[in-house]
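Residue numbers (UniProt numbering): 1 to 227.
Everything below concerns the one structure shown next.
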C-alpha cells in the first residue's frame, strides 16, 4: 500500500467547446501524462458502497470527511487492476491503492472476499474489514475518456474527463458488452490536482469563460444518472 500523500483538488464542469480550446492550449505548454502515450485513455471503475449507501449520502450531504472504494483498470488492460481507496478530509485528500489479479477482483465482485484477510497489505485488510462491518457491495460502473497533463513545479496534474457513461451491471465489470447510459449533457470534468501550491502559469492556463466549480464525484454522477 502506498503512503498517504495529501493533495489539493479543484473540479470544474466545462463544455465540449471549452474542452477543445483548453486541450489545444495545454498541449502547447504542458507534457502529457506518461499513461496517455500522446492520446486520451479509457478509465473503467467499479465503485463500492455500504448497505445504506453511506458514500453516496455523505457526498450528497457534503460531509467534510469521507471515503470510497473502487476497483479500476485502464485502456482495457486487465493485467493491471487496482483496488483504490480515495479519502477526502476537508479541502485535501489522498488515494491509496493495491494490486489485484483479475481472479481476485472477480471474487470480490461476486461477494467472496474472505481471501483478503490473509493479505499483508493494509489497504486490502481495511477493505476486508469494511466489507464485513459495512456490507460493502459493488454499486456502479463508471467509464470515461481522460486526457492528462503534468507540470513538475507543484506536482501538478491537469485532467480532462469526457464521454462519461455508466452501468449498473456490476457483475459484468470486465465485459466489453456492457449496457451503458451516457451523460446526455455532454459535459466534461476539468480536474486540477497539486501538492502545496498551484503555479500561476497553471492558474492562467486552465481559465475558461464558462467554468463552473463542482463537488460532484463520478460515482455520484453515475448513480444519479440511473435515477
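Beta carbons: idealized from backbone N, C-alpha and C, even for Gly.
Does the region 22 to 35 come into contact with the region 139 to 153, if we say contact requires no fewer than three beta-carbon pairs (one atom in each stretch) closer than 8 Å? Taking 8 Å as the limit for Cβ pairs, the verdict is that the region 139 to 153 does touch the region 22 to 35.
Over the uninterrupted beta strand (DSSP E) stretch that includes residue 150, give me the two end residues. Counting along the chain, the unbroken beta strand (DSSP E) around residue 150 starts and ends at 137 to 151.
Which residue marks the beginning of the beta strand (DSSP E) containing residue 166, and which one marks its end? Start and end: 156 to 167.
My assumption, with CB atoms under 8 Å, is that residue 191 sits in contact with residue 169. Please give the rounded CB distance. Not confirmed; about 27 Å, so no contact.
Can you grab the Cα-Cα spacing for the pair residue 86 / residue 205, in whole Å? Near 27 Å, if we compare the C-alpha coordinates of residue 205 and residue 86.
Tell me whether residue 193 is buried or exposed, calling it buried when 16 or more other Cβ atoms sit within 10 Å of its Cβ. Buried, by the Cβ-count rule.
Under the three-state DSSP convention, the category residue 63 falls into: Three-state DSSP puts residue 63 in coil, outside helix and strand.
Rounded to a whole number of angstroms, what is the C-alpha to C-alpha distance between residue 43 and residue 72? Roughly 7 Å between the two C-alpha positions.
Give the single residue among 182, 127 and 209 whose Cα lies nearest to the Cα of residue 84. Selection 182, 127 and 209 evaluated against residue 84 yields 127 as nearest (Cα-Cα).
For the alpha helix (DSSP H) holding residue 127, just list the boundary residues, first then last. For residue 127, the enclosing alpha helix (DSSP H) stretches over residues 122 to 134.
Which first and last residues belong to the beta strand (DSSP E) in which residue 94 is found? 92 to 100 is the extent of the beta strand (DSSP E) around residue 94.
Do three or more CB pairs link the region 15 to 23 to the region 85 to 105 at distances below 8 Å? Two segments are said to touch when three or more pairs of C-beta atoms, one from each, lie closer than 8 Å; by this definition the region 15 to 23 does not touch the region 85 to 105.
Where the beta strand (DSSP E) through residue 45 begins and ends: Counting along the chain, the beta strand (DSSP E) containing residue 45 begins and ends at 41 to 49.
How many Å lie between residue 49 and residue 10 at the Cα? Cα to Cα, the separation comes out at about 24 Å.
Does the Cβ of residue 166 have 16 or more other Cβ atoms within 10 Å, making it buried, or fewer, making it exposed? With 16 or more other Cβ atoms from the protein chains shown falling within 10 Å of its own Cβ, residue 166 counts as buried.
With a threshold of 7 Å on Cβ separation, who are the neighbours of residue 221 within its own chain once the five nearest residues in sequence on each side are excluded? Taken in chain order, the residues that qualify are 164.
Going by the CB atoms, is the gap between residue 6 and residue 74 shorter than 9 Å? No, the Cβ-Cβ distance between residue 74 and residue 6 is not below 9 Å.
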